[in-house]
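So for the sequence shown, this note's numbering puts the first residue at 22; every next one is plus one.
From the three backbone atoms N, C-alpha and C, an ideal C-beta is built for every residue, glycine too.
Let me begin by presenting the structure, written as structure tokens, before commenting on it.
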Amino acid sequence: MADKKARLTVDGLDEVIELPVYSGTEGPDVIDVRPLTGKGLFTYDPGFVSTAACESQITYIDGDKGILLHRGYPIDQLAEQSDYLEVCYLLLNGELPNAEEKKRFVNTISNHTMVHEQLISFYKGFRRDAHPMAIMCGVVGALSAFYHDSLDINNANHREVCAYRLIAKMPTLAAMCYKYSIGQPFMFPRNDKGYAENFLRMMFSTPCAEYEVSPVLVRAMDRIFTLHADHEQNASTSTVRLAGSSGANPFACIAAGIAALWGPAHGGANEAVLTMLNEIGDEANIPEFIKRAKDPEDPFRLMGFGHRVYRNFDPRSRVMKKTCDEVLAELNIDDPLLRIATRLEEIALEDPYFVERKLYPNVDFYSGIILKAMGIPTSMFTVIFAMSRTIGWISHWNEFHSSPNRIGRPRQLYTGAKKRDYPG
Ligand code: SDX
22 MADKKARLTV DGLDEVIELP VYSGTEGPDV IDVRPLTGKG LFTYDPGFVS TAACESQITY
82 IDGDKGILLH RGYPIDQLAE QSDYLEVCYL LLNGELPNAE EKKRFVNTIS NHTMVHEQLI
142 SFYKGFRRDA HPMAIMCGVV GALSAFYHDS LDINNANHRE VCAYRLIAKM PTLAAMCYKY
202 SIGQPFMFPR NDKGYAENFL RMMFSTPCAE YEVSPVLVRA MDRIFTLHAD HEQNASTSTV
262 RLAGSSGANP FACIAAGIAA LWGPAHGGAN EAVLTMLNEI GDEANIPEFI KRAKDPEDPF
322 RLMGFGHRVY RNFDPRSRVM KKTCDEVLAE LNIDDPLLRI ATRLEEIALE DPYFVERKLY
382 PNVDFYSGII LKAMGIPTSM FTVIFAMSRT IGWISHWNEF HSSPNRIGRP RQLYTGAKKR
442 DYPG
């Protein structure tokens, strides 16, 4: 597999260390640094900026060109021509399903949507004003205590059933968070409804009144799910892989991913974008916020802008903007926040600070405006990201367990006190 070699000299070491270099199907070559441990050396890479922590065949990002591929297929083509459950199948299995496989997959997911009745007690333990992500961390972790018949992580069928359960139950659990927060009864899933439609129904129907779902909104919701489905080795996916590497319960691993996603630097950014746009409040205030974002002394950053990997437009943000325009037109909404967002984007894209650092809008910049227009409260935005990303997490978890593996165990550059004796 190693067709090239890197050679490393280190002051004080009188040998040249040879390191294998591997080429993937796309992307930069990687240097295998594992031989360094035997020479008494570690690499140092806080934030994993230059570290490939695993080999993977699921998703590829070319950050300079702004390209995102799932199993080789460009995200814009998937968002336009496919649907979320088909993308789930693709991520999990490596190929698009044929008509029969798709039908069977959709049917299987539809038949796993209900959650154990006792899970309701977990919701009741939370305060009504709890953040829905706090509830999601708890209830998804609690799934570990329910589904004991599919927990052998070395059994491919068990892993598959776990994946089906998670894909199917996440919308039910997410909608239950919302219903709990507003004091309405939980709505059961309906297996004759599509995935996105079912979610919107469980969010907005009540036992007294059925929610009339617009096909444009169903399509937009499905597209939001698709655009968030996977993104390679981001913080939450790496967390799921690391938690999984110890052999932990799969539902607990997904709960760990939810926790990692919650922060505003990651999935919490969609909620933070709306908060920021509301704070800006008027186009006239944009320059002041741009100034703050550029000030190294000010912790404020432009939410929904910048990305570790993309040094170009996030291809998802373009599809998201188009979807945003469609939804606002369908609902006949003229949202002042959209005007602020559009103007903010224009100003930032011409400002030397953002241009030099190659900071562009990311997936989270426009998603909140669409969700808000649909009537979804801000605090649910990151939950919707978590629901959508569950397929990515479980596909990576499954890939990890499908091949030879070992526990993740980073090392460190120790700069603490030297060995010393306890005062006698
Ligand atoms: C997601 O990794 C993934 O794949 C994640 C994700 C997924 O699908 O899983 O794509 C989802 O998490 C999207 C990102 C959502 N987060 C935000 O929108 C929050 C705002 N963005 C930033 O906090 C930041 O850009 C990050 C966290 C996204 C990336 O952080 P990095 O890679 O550590 O960026 P950096 O600190 O190296 O930034 C380089 C420079 C710095 O300035 P200098 O020190 O060089 O002078 O750019 C500046 C940063 O201060 N900078 C910003 C900025 N983002 C970076 N300045 C102002 N506003 C910003 N948003």
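Cα-Cα, which of A277, F225, C345 and K439 is closest to E389?
-> Sequence index remark: in the sequence shown, residue 389 carries index 368 (1-based). In the sequence under discussion, the amino acid at residue 389 is Gly, which differs from the Glu named in the question. Residue C345 is the option with its Cα nearest to G389.
Spatially closest choice to G146 from G159, V136 and F207, by CA coordinates | Taking the sequence shown and counting its residues from 1, the one referred to as residue 146 is at position 125. Across the set G159, V136 and F207, the C-alpha of G159 shows the shortest separation from the C-alpha of G146.
Just checking, does the region 208 to 220 make contact with the region 159 to 177 on the three C-beta pairs under 8 Å criterion?
-> No: the two stretches stay apart, fewer than three of their Cβ pairs being nearer than 8 Å.
Would you check if the distance between the CB atom of S259 and the CB atom of A100 is smaller than 8 Å?
-> For the purposes of this step, residue 259 is taken as the residue at position 238 of the sequence shown. For the purposes of this step, residue 100 is taken as the residue at position 79 of the sequence shown. In this structure, S259 sits away from A100, with a CB-CB distance that is not shorter than 8 Å.
Comparing the CB of G48 with every heavy atom of the ligand SDX, is any distance shorter than 7 Å?
-> Taking the first residue of the sequence shown as 1, we reach residue 48 at position 27. No, the beta carbon of G48 sits no closer than 7 Å to any heavy atom of the ligand SDX.
Please list, in chain order, all residues of the same chain as V376 whose beta carbon is under 8 Å from its beta carbon, the five residues on each side excluded.
-> In the sequence shown, the residue the question calls residue 376 occupies position 355. Excluding sequence neighbours, V376 sits near L370.
Note down the Cα distance separating A342 from C109, rounded to an integer number of angstroms.
-> Within the sequence shown, the letter at position 321 stands for residue 342. Within the sequence shown, the letter at position 88 stands for residue 109. Reading off the sequence, residue 342 comes out as Lys, not Ala. Straight-line spacing of the CA atoms in K342 and C109 works out to 23 Å.
Are there 16 or more other CB atoms within 10 angstroms of the CB of Y168, so buried, or fewer, so exposed?
-> Position 147 of the sequence shown, counting from 1, holds the residue named residue 168. Burial check for Y168: the Cβ neighbour count within 10 Å reaches 16 or more, so the residue is buried.
Option in G59, T64 and E300 with minimal Cα separation from Q433 | What you label residue 433 is simply residue 412 of the sequence shown in a count that begins at 1. Answer by Cα proximity: T64.
Contact check, K2 vs L40, beta carbons under 8 Å = What the structure shows of the chain is the stretch from 22 to 445, and residue 2 is not part of that stretch, so it cannot be assessed.
Verify whether the separation of the beta carbon atoms of H133 and Y185 is less than 8 Å.
-> Stepping through the sequence shown from its first residue, residue 133 is reached at position 112. Stepping through the sequence shown from its first residue, residue 185 is reached at position 164. Yes. Within cutoff.
Exposed or buried, C229, counting other C-beta atoms within 10 Å across all chains shown (16 or more means buried)?
-> Here residue 229 refers to the residue found at position 208 of the sequence shown. Exposed, because fewer than 16 other Cβ atoms sit within 10 Å of the Cβ of C229.
Where V127 falls: helix, strand or coil (DSSP) = Position 106 of the sequence shown, counting from 1, holds the residue named residue 127. It is helical.
Measure the C-alpha to C-alpha separation of D243 and M223 and round it to an integer number of angstroms.
-> Here residue 243 refers to the residue found at position 222 of the sequence shown. Here residue 223 refers to the residue found at position 202 of the sequence shown. Rounded to whole angstroms, D243 to M223 spans 15 Å at the Cα level.
At a cut of 8 Å, does the region 422 to 431 reach the region 399 to 408 through at least three beta carbon pairs?
-> The answer is no - the region 399 to 408 does not touch the region 422 to 431, with fewer than three Cβ pairs under 8 Å.
Under the criterion of a Cβ to heavy atom distance below 7 Å, does L380 qualify as lining the ligand SDX?
-> By one-based count along the sequence shown, residue 380 stands at place 359. With a cut-off of 7 Å, the C-beta of L380 is classified as near the ligand SDX, since at least one heavy atom of the ligand falls inside that distance.
Are the region 313 to 326 and the region 185 to 196 touching by the rule of at least three beta carbon pairs closer than 8 Å?
-> Verdict: no, contact absent.
Name the DSSP bridge partner or partners of P382?
-> Within the sequence shown, residue 382 is the residue found at index 361, counting from 1. As a beta-bridge residue in DSSP terms, P382 pairs with F326.
Thinking C-alpha only, which one of H152, A151 and L164 is nearest L140?
-> Residue numbering aside, residue 140 sits at position 119 when the sequence shown is read from its first letter. Closest by alpha carbon: L164.
From what residue to what residue does the beta strand (DSSP E) around D83 run?
-> Numbered from its first residue, the sequence shown carries residue 83 at position 62. T80 to D83 is the span of the beta strand (DSSP E), which, as asked, contains D83.
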